[in-house]
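As structure tokens, the structure follows; a few thoughts come after it.
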């Protein structure tokens with residue numbers, strides 16, 4: 759990944775991930791977080807695992823991020839954009855849609 763791709767990924771990630779590391783950690787510890795998303799074999803959901811990785815990325819210095827971190831950041835950006843396009847009608851405050859997005863570091867009601 760070249761410097762331009764890294765910069766674009768950084769910008770998009772920082773724009774879409776609107777939860778703080780502490781706020782995301784608190785959310786990930788909740789029952790609503792653990793129940794949201796797709797679970798394989800009864801284990802942790804993909805989004806929940808991603809949320810833990812996002813906390814690590816947010817706490818890292820930009821210069822300390824690896825290509826693997828940037829690939830994950832791109833995955834986060836793609837997921838959040840696709841999911842936002844599927845916003846259900848009505849109040850989304852207590853929906854699986856919002857909870858899933860929050861596992862990926864984006865609170866559609868403001869982080």
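Numbering (the numbering used here), first residue to last: 759 to 869.
A virtual CB, placed ideally from N, CA and C, is assigned to each residue, including glycine.
Three or more beta-carbon pairs separated by less than 8 Å are not found between the region 768 to 787 and the region 843 to 853, which leaves the two stretches without contact. Taken in chain order, the complete beta strand (DSSP E) segments of 3 or more residues contained in the region 777 to 808 number zero; there are none. Rounded to whole angstroms, the separation of the alpha carbons of residue 827 and residue 859 is 19 Å. Between residue 823 and residue 812, the C-beta spacing is not below 8 Å.
In this structure residue 776 touches residue 865 by the C-beta definition: roughly 6 Å separates them, less than 8 Å.
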